[in-house]
Amino acid sequence: MTEQGPPSPHSFVPPRLPHALSSGDGWVEDGTGRRFWGRFGAAGLLAHDPERGILLQHRANWSHFGGTWGLPGGARHEGETAVQGAVREATEEAGIDAGALRIRMTSTLDLGFWSYTTVVVDVTTPFEAAVTDAESIEVRWVPVAEVATLPLHPGFEASWPVLQAELERRTVLIVDSANVVGSRPDGWWKDRVGATERLAGRLNLLARRGLSAAALGLGGGMGQGGGMGQGDVNATDSGAGSGADAGSGGGSGAGAGYDGLDGTHWWPDTVLVIEGQARAARLEEAPRPAASGSLDGTVAADIAASIRLLPAEHDGDQAIVDAVAAAAGVAAPARILVVTADRELGARVTALGATVLGPGWLLALLDET
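Under UniProt numbering, the residue at position 205 of the sequence shown is numbered 205, and the numbers go up by one with no gaps.
This is the structure in C-alpha cells:
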C-alpha cells in the first residue's frame, strides 16, 4: 500500500480531510439549489497593515473558485463567534499573529439559515504570514491599490470597493467627561476623580465590546455590498457530496453586505477628555491575553483597543475641539462622534464635521454593558 503525502494546494482533486464533530465543515442549502459552506456560518479576516496592505490568500486549486485570491477564513465551529472563527481560520491557513491585531469593524451578511462575517482588523505590529496548510497556494501582503488587479474570488471582488472605502475611513468617538459625569446627580461632586474613573472603566468595557451601526446612528448610505461571500456555491459544484473537503476554505473571502445596519459593528477610536480635578483620573482595566501568539478562542474584546484618556491642559471644551480638528485633519477621512450636551461646544465641533450625541445616548449604552 502506497503511503499518501500531505494534500497539495496545486492539485485539482479535493483531499479527504478529517473533521471533528464540532467542526462546521459542511454544506447548508437555501431550498433553491444554492449551497453555502459552513454548517454554523463562515467568517474571514481582512488584516490591514498600513505599510504593506492587506493579507490575501491564493486559494488552493481544489477549493471552490480555486486559483483566485481572497481573505483567509472559513467555516465557523459550533458555538464559535465570528471573530473567533476568523482568527482561528486565518491562523490555521496563514500563520497570523493574533496578538498583533486590533479589531476595527465586522460586517455580516445574514441569510437567516447561513451567515458570513468579514472581520476587519488593523495590524499593530508587523508579522510574516506563511502558508500553513493545504488550503493556500500562497499568502501575500498586497498593497490596497493593487488588490483589484488580481483575479479575485467573486464574492470578495463584489465587496472589495465598500471594504476599501471603510479602510480609508476611521470612526472616532470623543467624550466630554465633565458633561457626562455631571448629567446624573449621583454624588459625583463628592469625588470627581472617582466618578471620572468609574465612567472611564465603563466606557472602556463598551469600547472593547464595540458598537452596532444602529447604536452609532449610522444609517443607509454606506453603499451596497453585493457579494454573497466566498461560502456560496452551486449544488452542481464538482466534488460536492464526495465526502472530500471540496469547499474547505470556501468561506474565505468577504461577504460584507452593507445593505442594512444590523450586520455592521464598529470599534471606534475612543477618547475621554478629562479636565480640572478629574485630570488625576486613571484607567484600570482587566489584563489582556498574551501580547502575541494564536490567542486560542480570541474574542473581539481581546483584540480591541482601550480608550484613551486625554487630560485638557486648560479648557476642556478647547481640548475637545482640538481633538476633533486633529481627527478631521488626517489624510484618511474620519467619522467623528462627540458626546456632550454643551450647545456652544456642539456648534463648534459640528462646524468641523462632527456629529453630536447627548450624554443620555452614551449612558443608555453604558447601562446595557
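Don't be surprised by glycine CBs; every beta carbon is placed ideally from N, CA and C.
Bear in mind that the values here come from a model prediction, so they are computed numbers and not experimental data.
Would DSSP call residue i helix, strand or coil?
i             : result
proline 333   : coil
leucine 352   : coil
glycine 112   : coil
alanine 278   : helix
valine 162    : helix
proline 311   : strand
glutamate 29  : strand
alanine 305   : coil
aspartate 133 : coil
glycine 155   : helix
aspartate 269 : strand
leucine 218   : coil
Does residue i pass the burial test, meaning 16 or more other C-beta atoms within 10 Å, or should it be called exposed?
i             : result
histidine 153 : buried
threonine 340 : buried
aspartate 315 : exposed
leucine 357   : buried
arginine 208  : buried
leucine 295   : Any answer about leucine 295 is weak, because its pLDDT of 46 lies below 50 and its placement is not dependable; what the coordinates show is given next. When all chains shown are included, leucine 295 counts as buried.
threonine 91  : buried
valine 121    : buried
threonine 350 : exposed
Can you give me the start and stop residues for the beta strand (DSSP E) that residue i sits inside?
i             : result
threonine 264 : 264–266
leucine 45    : 42–49
valine 172    : 170–176
tryptophan 37 : 34–37
What are the start and end residues of the alpha helix (DSSP H) that includes residue i?
i              : result
isoleucine 137 : Counting along the chain, isoleucine 137 falls outside any alpha helix (DSSP H), though it belongs to the beta strand (DSSP E) covering 136–142.
tryptophan 361 : 359–368
arginine 209   : 192–209
Can you tell which of the options has its C-alpha closest to the C-alpha of residue i?
i              : options                       : result
glutamate 128  : Leu111, Trp141, Ser136        : Trp141
threonine 270  : Ala332, Arg170, Ala300        : Arg170
glycine 112    : Glu197, Arg348, Thr68, Phe36  : Phe36
arginine 88    : Ala60, Ala334, Ser23          : Ser23
alanine 130    : Asp97, Arg102, Ala42, Phe156  : Asp97
tryptophan 267 : Ala60, His58, Glu93, Met105   : Met105
aspartate 133  : Asp191, His265, Pro143, Ser63 : Ser63
alanine 94     : Trp160, Trp114, Ala47         : Ala47
glycine 44     : Arg52, Arg34, Trp69           : Trp69
leucine 109    : Ala100, Arg102, Val119        : Val119
At what residue ranges does the region 59–130 contain a whole run of the beta strand (DSSP E), taking only runs of 3 or more? 73–75, 101–110, 115–123
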